[in-house]
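Written below as structure tokens is the structure these notes are about.
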Amino acid sequence: MTLTTTVEHQHADGHTLRLTFAEPDGVVRGGLVVLHEEAEEVEEGLGLLLAGLAGEGWLTVTPHLDRDNLTQQDLLEATDATLSWLAERGVQADLVGVVGFDLGGTAALVVASNRRLGAAVSVGGQGVTGLPVLVEIAGRLTSPWLGMYGDAGDEAGGAEVEQLRDAAATANVATNVVHYPGANHRFDADPDAAAEAWQRTLNWFDAHLR
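Under our numbering, read the sequence shown as residues -6 to 203, first letter to last.
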């Protein structure tokens, strides 16, 4: 089983960021930055997620973020530092993606609207104080983006998912918004929905990170 490792990474500006990563057993296909609501402290669920993505061939890394005081500037600086770490490990910029879950889903869309990455995926997306409203930034996406949402609890839920889909469609990159009607914002807690979301995520990265 792939194990996770935690390191202190010093960015070029002198700041230190804690990162937890998982490496593939074989050839590294590229790198994935994982943004997750548990990322302040890596718990078992996030560790399994990192290991699962590493098992698909991706060097997978999550920055430890203070979700209660997260601003857009903090998020982008942490992402830049994580991207720098991946580059130091030999991962090419066009083979790097970002994937976010729940609160991290919102963060992933913010990153995908401010940085040029190979691909981005949002699985759910609750509102985060200090970060922009999703529908207001979706049209500015600069990275191919897949968004998957339930209903109750998501910033984009129910009818709002159509607004988000329309906004994203105006961006100059590939986008796809998937709605799981009748499900709460953690629709991936349902085994069938989780399996589909996982496969969609893998397919999106397979299509754009190559």
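No residue lacks a Cβ here, since even glycine has one placed at the ideal position from N, Cα and C.
Please read these numbers as outputs of a predicted model, since none were measured by experiment.
Just to confirm, is the Cβ distance from S106 to L68 under 8 Å?
Sequence index remark: in the sequence shown, residue 106 carries index 113 (1-based). Sequence index remark: in the sequence shown, residue 68 carries index 75 (1-based). Not a contact, by the Cβ cut-off of 8 Å.
Leaving out five residues before and five after W78 in sequence, what residues of the same chain have Cβ atoms less than 7 Å from its Cβ?
To locate residue 78, count along the sequence shown from 1; it is residue 85. Within the same chain, W78 has close Cβ partners H2, L12 and V54.
Would you identify the three-state DSSP class for E1, choosing helix, strand or coil?
Translated into positions along the sequence shown, residue 1 becomes position 8. E1 falls in the strand class under three-state DSSP.
In the DSSP assignment, find the beta strand (DSSP E) that holds G24 and state where it starts and stops.
Within the sequence shown, numbered from 1, the residue matching residue 24 stands at position 31. Start and end: G23 to H29.
Three or more C-beta pairs closer than 8 Å, one from the segment 11 to 27 and one from the segment 42 to 62: is that the case here?
yes
Does DSSP classify R60 as helix, strand or coil?
Looking up residue 60 in the sequence shown gives position 67. If DSSP states are grouped into helix, strand and coil, R60 belongs with the helices.
Tell me the rounded alpha-carbon separation between E129 and A160.
In the sequence shown, the residue the question calls residue 129 occupies position 136. In the sequence shown, the residue the question calls residue 160 occupies position 167. Approximately 8 Å, taken between the alpha carbons.
So the candidates are A190, G24 and A100; which of them puts its Cα closest to the Cα of D87?
Within the sequence shown, the letter at position 94 stands for residue 87. Nearest option by C-alpha distance: G24.
Mapping DSSP to helix, strand and coil, what is S136?
Looking up residue 136 in the sequence shown gives position 143. It is coil, neither helix nor strand.
Please report the residue range of the alpha helix (DSSP H) in which A162 lies.
For the purposes of this step, residue 162 is identified with residue 169 of the sequence shown, where counting begins at 1. Looking at the DSSP string, the run of the alpha helix (DSSP H) that includes A162 is E153 to A162.
In the DSSP assignment, the alpha helix (DSSP H) including G93 goes from what residue to what residue?
Position 100 of the sequence shown, counting from 1, holds the residue named residue 93. Careful: G93 lies outside any alpha helix (DSSP H), inside the beta strand (DSSP E) at V89 to F94.
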